[in-house]
Amino acid sequence: VQLQASGGGLVQAGGSLRLSCVASGNTFSTYGMAWYRQAPGKQRELVATISSVAETDYVDSVKGRFAIFRDNTVNTVYPRMNSLKPEDTAVYYCNARGIIRGAIFNSWGQGTQVTVSS
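Below, the structure written as structure tokens:
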């Protein structure tokens with residue numbers, strides 16, 4: 413499964429961004445999708461997940477500010493990030509997990525930079 417992430421950029425604190433991640437394949441609706449981020453000098457952390465049945469979960473630091481959606485008709489997952497803070501600055505990575513023809517996959521996108529200025 414190939415993932416193409418986009419939508420990063422530079423935004424002022426308090427602003428919003430919407431990322432997107434397009435996945436290949438014709439069984440996207442079965443994939444569990446997630447977004448991770450990695451700030452300079454820090455470990456990659458899980459930010460948000462959305463299951464194949466659109467159940468969502470978020471790391472505490474973004475609850476109430478971020479929302480993740482999926483559109484299975486266009487194989488895309490969208491995290492909407494509001495009230496951005498400088499500490500949200502990181503490279504954001506899209507992740508997909510699932511099973512295709514009996515084989516488990518765990519795929520990563522190329523990452524998109526989000527920079528929040530104070």
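Residue 452 in the numbering used here sits at position 40 of the sequence shown; the count goes up by one each step and never skips. C-beta atoms are modelled at their ideal positions from N, C-alpha and C, and glycine is treated no differently. Please read these numbers as outputs of a predicted model, since none were measured by experiment.
Which stretch, first to last residue, makes up the beta strand (DSSP E) that contains residue i?
i           : result
residue 431 : Residue 431 -> no beta strand (DSSP E), and no H or E assigned at all.
residue 417 : 415-418
residue 424 : 421-424
How many Å lie between residue i and residue j at the Cα?
i           : j           : result
residue 522 : residue 497 : 23 Å
residue 510 : residue 432 : 19 Å
residue 452 : residue 466 : 31 Å
residue 450 : residue 419 : 16 Å
residue 473 : residue 502 : 14 Å
residue 487 : residue 427 : 26 Å
residue 436 : residue 443 : 11 Å
residue 479 : residue 514 : 31 Å
What would DSSP say about residue i, mapped onto helix, strand or coil?
i           : result
residue 526 : strand
residue 436 : coil
residue 467 : coil
residue 461 : strand
Residue j and residue i - do their beta-carbons sit closer together than 9 Å?
i           : j           : result
residue 492 : residue 445 : no
residue 434 : residue 447 : no
residue 507 : residue 441 : no
With which residues is residue i paired in a DSSP beta bridge?
i           : result
residue 518 : 509
residue 489 : 433, 482
residue 474 : BP columns for residue 474 are empty, so no partner.
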